[in-house]
Amino acid sequence: MRTPGADGFDLVFGRWQVHDRQLRDDTDPVCEEWVEFDATSEAFPVLHGLGHVDRITVPDPPEGPAFEGMTLRPFDPSTSTWSIHWSSTRTPGRLDPPVVGRFTDRLGVFEGEDVLAGRPVRLRFEWRVDADRPSWHQSFSWDGGGTWRENWTMTLSRAG
């Protein structure tokens, strides 16, 4: 029997087409210009189901060269929480600080802290469970969690 909560990311195992919608400058709290682009992703379980890895490939981003990213998501059975760690070829050698949280019903909420553009920021990732089109939403709070602003969404659909 699996540990309760350890199946949270099972929804994204496999190959996906990904449609991204992102604020052009997500470090600018007043930016209103959205850009859209496509990617592919592949995800699989590791650590006997207590972890998850995915790789995303963005062949034609709105700015800069093509890039590849990866997410490592270990599950802590003692707290029933997931830690989400991101790294990409855009910032080689960096593993971003984790966001940590859990799934409740059909929503996973994960929060953490980082420094972007020289300023402290709180981050929130939301995973919305849908068998056919799961989605990921990123929000930043520049005021310590008082207000949140969504700045990036990814909608997944199964790759053929």
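The numbering used here puts the first residue of the sequence shown at 10, with every later residue one more than the last.
Note that beta-carbon positions come from the ideal geometry of N, C-alpha and C, so glycine has one too.
Collapsed DSSP secondary structure at residue i in the structure displayed
| i | result |
| --- | --- |
| Val-21 | helix |
| Gly-154 | coil |
| Leu-183 | Outside the modelled stretch of the chain, which goes from 10 to 169, sits residue 183, for which no answer is possible. |
For residue j and residue i, the rounded distance between their alpha carbons
| i | j | result |
| --- | --- | --- |
| Val-21 | Arg-115 | 13 Å |
| Met-79 | Ile-65 | 6 Å |
| Arg-217 | Gly-14 | For the chain, the structure presents residues 10 to 169; residue 217 sits outside this window and is missing. |
| Arg-128 | Val-39 | 15 Å |
| Phe-76 | Thr-156 | 31 Å |
| Gly-121 | His-146 | 14 Å |
| Arg-82 | Glu-42 | 30 Å |
| Val-62 | Asp-152 | 31 Å |
| Ser-150 | Ser-87 | 28 Å |
| Val-67 | Trp-25 | 12 Å |
| Gly-169 | Asp-37 | 37 Å |
| Thr-90 | Phe-134 | 14 Å |
Range covered by the beta strand (DSSP E) that runs through residue i
| i | result |
| --- | --- |
| Val-67 | 60-67 |
| Gly-78 | 76-85 |
| Gly-121 | 116-125 |
| Arg-133 | 128-137 |
Cβ-based burial, residue i [other Cβ within 10 Å; buried from 16]
| i | result |
| --- | --- |
| His-57 | exposed |
| Phe-53 | exposed |
| Val-124 | exposed |
| Arg-73 | The sequence given here has Gly at residue 73, not Arg. Flag for Gly-73 reads exposed. |
| Gly-182 | Nothing can be reported for residue 182: it is not among the residues displayed for the chain, which extend from 10 to 169. |
Beta-carbon gap between residue i and residue j smaller than 8 Å
| i | j | result |
| --- | --- | --- |
| Glu-45 | Arg-33 | no |
| Ser-50 | Leu-165 | yes |
| Arg-167 | Gly-17 | no |
| Ser-144 | Met-163 | yes |
| Leu-104 | Ser-96 | yes |
| Asp-172 | Trp-161 | Residue 172 falls outside the range modelled here, since the chain spans only 10 to 169, and no answer is possible. |
| Phe-119 | Val-130 | no |
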